[in-house]
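A.B. asks: Residue numbers (my numbering), protein chains in the order written: chain A, 5 to 134; chain B, 5 to 134; chain C, 264 to 679; chain D, 264 to 679.
Here you go, one structure.
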Ligand SMILES: Cc1ncc(COP(=O)(O)O)c(C=O)c1O
Ligand SMILES: Cc1ncc(COP(=O)(O)O)c(C=O)c1O
């Protein structure tokens, strides 16, 4: 079995957790992967400074979709302030896979859109596009 | 003795024939060597369809100055129509020297300005400048 | 090797793998199956050697040196220009070197577009253009108040000459800018026909030949276009050099684009005059070594003969279409027959994102591109964010197609 | 070899001739005495080998490939950008690759100049600029109705900071564009001081570093300029690549220049959005191999240490000035002391046109340039149509200067 496409990645890709629309929501954002035009959105409901609920939406490759699904399980219940400080290492550790420089953009797309939603700034460098 | 700088070239360079102003004149033109910014002008007096008198003026290298001087001796007395048909071979034969592609521009500057004066068109390709 | 096989039905094909040093490279024990030549081609020994020879023996600046080395560099550079112009049947005087085809198109968009277009004018492009033949026209039309309109494609990825006719009849089209061969669909557009109709309607035509020039015989004079732009690195040449073939009278009438050394006749404090063509449009020190390298590339392609290159790629494309059709769950975009397309096959695999396809193929050292291929409006038209794309060059062989199909099936097993 | 000699008074000099393959070339039995590095430099083995290695082992298009070869090309290209940015102390994000320094200046003249300048504004340049830092500003000021003014030079070829002050006090100067080191006079301009004064007056500063970067340590951050442009082929790198170092915030505020693939974030039919820096200003396929080669060049120069390169050329220039002064009938232009000039010595020989000087020297394989050096306004100021120019690089040695002086004397004998 291939390292990058481990069973649990494929499993999350095929049956992503917490995908869809969340109404009403308090925070939302949308980002693109300039590598391929893939889009990911997130909607978040906040209660007592915590992420009470969250849904990702959009389309993408196995890596970006699985990453969003896996992250969503960690994010629900987290302090919004803490979520704002999450970095690339957090995401990559969570995935637990070796990843090439190009595919990092895929792996980190959910983090990018999350950060956009909780900090309001959508200009997080991801590298050259097409 | 160097082939390109034969005695008679240097002799014409140091003591150019038919240089200066010609007043009155019937035809005149001015051209640049884009290689170095050298300028050459010509003034021509016409009588009975012939070049009755001619003066070059301007500054340049040994090759362009000598070429003008040597050419001037051939041109005075020539039919204007004939002068309009003179080509690069005529000039190079007259000089009788081997010349590199770059220095051709120098050797042919007097022909270029002559042609400009007798045909009225000043757009004769000489190659890239600086 | 499949390249050497000749059957009664298959056309004669090329066997040139030994000329391309990079093809010896193995990664993780897999030989290199390079199917991304539409993105950039590999380089034959002859091109690499020409660069090497230039820097080791002849390097000097051109156009102004009188010492022997400079004369050699000059002769190599301008000699290469002659052969490069000849390769596409274009005049030497109006064969301009740029950084890439993108810059060649920008040259036209700035020097002709921004100085000529007026409100009420239209630039007509197509739904299958590369971003490099879209965005310069967006900016030029926005800057001048002109309009940008699109010719549509049908579901087979073909342009309609009827729609072209209707657009031209509106009387406001000043320029038709279209690709000769689509880098996504492979579609070969009827460019000579487009030129004839556009000229009849008083419009100029710019053709993006980035894909066509490496893939088939191209004759600028026969096509009759006003501008024909292409790029060296896709045509077995070095990176860093593009070509604009153009009508000389038109270039003469246009103001310069980039300004500086070499493109001037004289400079005074407040005013300058311009050098003759082609140098008027070549500012600063040229990409000398790259032009010399591209000269070696067109010599190499010329010796192969472009008709044979075309036949070779035609055969590979036909075989690829056949093999992919025999693989369940694979959808191919563009014309159904290899007759109507260049050496490009875009496809998608059901249930697997193109990135994942390319990643899994890459592990077998099968190099395909997964991307919007710099053609987002076309992706929108096709209703996909991206496709996977295999593309061909003279050094590809049937075994490459077999490796591709095998790897696609492997990816399907991973995602099963 | 002179390069190996060290005396108590002369600074330690470099001995690197063996690194430059072309220096082995003889023409008509004469060894190559290459004194035209200000025009273009020769390339060390390390640069030629980097190009070769790139094409033989790693060639692929960058930024969008997921297969291993593309990842390697990407890492080589963006890795080179980091080292190239670091070489002049500039941020990676705002280190943009162009075709040459001429295009870098045009980028600023189009993207900043044509969109920002208004009637009443002034662009201030100097009498010692190269055409590439004159003509773009002629066109940009003409297009916008702004004014182009010149800082004068004195008879020693030096700018006056007092005149700068007076010009700035007029309050209309938006940009000061000047060369760091003159390619004709060799003058080293006090660029940090110019930047400080210009910024105090609210003007931006663009510096043409084409000659400075190969010749001396350059620290973009310490100079404080808004734009610093230079060119690879004069800095031991390949032809076909230039560099624009710039203030990132300024670049962020500027519209794109060349448009097309790679510089976009997204493209819709009528509207596009731009990629982040540096890619926003890099349209189409980059000069990948050339950037990799320039990376090898800055590694090589870095290993030599630019302080030592400067000391080496300083010694050669001092020696040249001394030897030419000892040769009757030779006039040298520019600052009297080697302390005030880079590795460039322009001169004229009484009674012999510069072309003839260069031609006669060329027969001895002594390569000097005879030209207006793309600085016609400066030639007008000096009252000559052209000069002869010897210029230096790390691979030159005292014996080259001796050959130069000997050949000049030989030319004088021919014209005696
Ligand atoms: C000071 C200066 N600026 C600009 C240039 C132009 O450089 P390039 O031709 O590489 O654009 C040169 C060299 O010719 C130069 O010496
Ligand atoms: C059809 C087409 N046009 C333009 C381009 C852009 O070429 P370049 O990046 O060399 O400017 C490409 C390749 O990417 C292409 O396929």
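Ideal placement from N, C-alpha and C gives every residue a C-beta, glycine not left out.
Given the structure is predicted, the values throughout are model-derived calculations rather than measurements.
Please indicate yes or no: does the CB of residue 337/D lie closer than 7 Å to some heavy atom of ligand 2?
C.D. replies: False, no ligand heavy atom lies under 7 Å from that Cβ.
A.B. asks: Do you know whose CA, among 441/C, 574/C, 314/C, lies nearest residue 488/C's CA?
C.D. replies: Comparing Cα positions, the closest option is 441/C.
A.B. asks: Is the separation between the beta-carbon of residue 514/C and that of residue 483/C shorter than 8 Å?
C.D. replies: No; because the gap between Cβ atoms is not below 8 Å, this pair is not in contact.
A.B. asks: What residue range is occupied by the uninterrupted alpha helix (DSSP H) comprising residue 520/C?
C.D. replies: Where residue 520/C is concerned, there is no enclosing alpha helix (DSSP H), given that its DSSP letter is neither H nor E.
A.B. asks: Who are the neighbours of residue 105/B on chain C, taking C-beta pairs under 8 Å?
C.D. replies: Simply 334, 337, 338.
A.B. asks: Alpha carbon to alpha carbon, how far is residue 281/D from residue 313/D? Give it in angstroms, no decimals.
C.D. replies: Approximately 17 Å, taken between the alpha carbons.
A.B. asks: Using a C-beta cutoff of 8 Å, does residue 293/D count as contacting chain B?
C.D. replies: No, no contact with chain B.
A.B. asks: What residue from 587/D, 657/D, 523/D has the CA that sits closest to residue 215/D's CA?
C.D. replies: Outside the displayed range of chain D (264 to 679) lies residue 215/D, so it cannot be described from this structure.
A.B. asks: From residue 92/A to residue 116/A, what distance separates their C-alpha atoms?
C.D. replies: Spanning the two alpha carbons is a distance of roughly 9 Å.
A.B. asks: Relative to chain D, which residues along the stretch 500-533 of chain C have a C-beta separation below 9 Å, given in chain order?
C.D. replies: So the close ones are 501, 502, 503, 504, 505, 518, 519, 520, 521, 522, 523, 524, 525, 526, 527, 529, 530, 531, 532, 533.
A.B. asks: Any Cβ of chain C within less than 8 Å of the Cβ of residue 204/A?
C.D. replies: Because chain A is modelled from 5 through 134, residue 204/A falls outside the range shown and cannot be assessed.
A.B. asks: List, in chain order, every chain D residue whose beta-carbon is nearer than 9 Å to that of residue 36/A.
C.D. replies: By Cβ distance, chain D contributes 528, 529.
A.B. asks: To the nearest whole angstrom, what separates the beta carbons of residue 120/B and residue 35/B, a pair I think is in contact under 8 Å?
C.D. replies: Residue 120/B to residue 35/B, Cβ: 6 Å. Contact.
A.B. asks: Consider the C-beta atom of residue 299/C and the heavy atoms of ligand 2; say whether any pair is separated by less than 7 Å.
C.D. replies: Incorrect: residue 299/C has no Cβ contact closer than 7 Å to ligand 2.
A.B. asks: Below 8 Å, how does it come out for the stretch 354-362 of chain C and the stretch 468-487 of chain D: are there three or more Cβ pairs, yes or no?
C.D. replies: Result no; under three Cβ-Cβ pairs closer than 8 Å.
A.B. asks: On the criterion of 16 or more Cβ atoms from any shown chain inside 10 Å, does residue 83/B qualify as buried, or is it exposed?
C.D. replies: The residue in question, residue 83/B, is exposed, as its Cβ has fewer than 16 Cβ neighbours within 10 Å.
A.B. asks: Residue 686/C to residue 415/D, Cα distance in whole Å?
C.D. replies: Given a span of 264 to 679 for chain C in the structure shown, any question on residue 686/C remains unanswerable.
A.B. asks: Any heavy atom of ligand 2 closer than 7 Å to the Cβ of residue 395/C?
C.D. replies: Residue 395/C Cβ: within cutoff of ligand 2.
A.B. asks: When you measure from the CB of residue 552/C to every non-hydrogen atom of ligand 2, does any distance come out below 7 Å?
C.D. replies: No, since every heavy atom of ligand 2 falls outside the 7 Å radius drawn around the Cβ of residue 552/C.
A.B. asks: Sort out for me which residues DSSP pairs residue 297/C with in a bridge.
C.D. replies: Note: residue 297/C sits in a beta bridge opposite 630/C.
A.B. asks: Can you tell me whether residue 317/D is helix, strand or coil according to DSSP?
C.D. replies: In this structure, residue 317/D counts as helix in the three-state DSSP scheme.
A.B. asks: Hey, out of 648/C, 520/C, 334/C, 491/C, whose CA is closest to residue 378/C's CA?
C.D. replies: It is 520/C whose Cα lies nearest to the Cα of residue 378/C.
A.B. asks: Cutting at 8 Å between CB atoms, please list the residues of its own chain near residue 327/C, excluding the five before and the five after it.
C.D. replies: Cβ within range, chain order: 333.
A.B. asks: Shorter than 8 Å from the beta carbon of residue 635/D to some beta carbon of chain B?
C.D. replies: Answer yes: the Cβ-Cβ gap between residue 635/D and chain B drops below 8 Å somewhere.
A.B. asks: I want to verify the contact list: residues of chain B whose CB lies under 8 Å from the CB of residue 328/C, in sequence order.
C.D. replies: The contacting residues are 106.
A.B. asks: Would you report the Cα separation of residue 629/D and residue 536/D, rounded to the nearest angstrom?
C.D. replies: Approximately 53 Å, taken between the alpha carbons.
A.B. asks: For the alpha helix (DSSP H) containing residue 16/B, name the first residue and the last one.
C.D. replies: Taken as a continuous stretch (DSSP letters only), the alpha helix (DSSP H) holding residue 16/B covers 11-18.
A.B. asks: Note down, in chain order, every chain C residue with its Cβ under 8 Å from the Cβ of residue 8/A.
C.D. replies: Result: 622.
A.B. asks: Apart from the five residues on each side of it in sequence, which residues of its chain come closer than 6 Å, Cβ to Cβ, to residue 382/D?
C.D. replies: Excluding sequence neighbours, residue 382/D sits near 408.
A.B. asks: Within the 8 Å Cβ cut-off, does residue 391/C reach chain A?
C.D. replies: No, residue 391/C lies away from the interface with chain A (no Cβ there is under 8 Å from its Cβ).
A.B. asks: With residue 32/A as the anchor, note down where its alpha helix (DSSP H) starts and where it stops.
C.D. replies: Note, residue 32/A: premise wrong, no alpha helix (DSSP H); beta strand (DSSP E) at 31-37.
A.B. asks: For ligand 2, I want to know if residue 122/A counts as a neighbour, meaning its beta carbon is within less than 7 Å of at least one of the ligand's heavy atoms.
C.D. replies: No; taking the cut-off as 7 Å, the Cβ of residue 122/A has no heavy atom of ligand 2 nearer than that.
A.B. asks: Within 8 Å of any Cβ in chain B, is that where the Cβ of residue 610/D sits?
C.D. replies: False, the Cβ-Cβ gap to chain B never drops below 8 Å.
A.B. asks: With distances taken Cα to Cα, identify the nearest neighbour of residue 51/A among 96/A, 81/A, 62/A, 107/A.
C.D. replies: Cα-wise, what sits closest to residue 51/A is 81/A.
A.B. asks: Out of 74/A, 124/A, 86/A, which one is the CA nearest neighbour of residue 16/A?
C.D. replies: Here the closest residue by C-alpha is 74/A.
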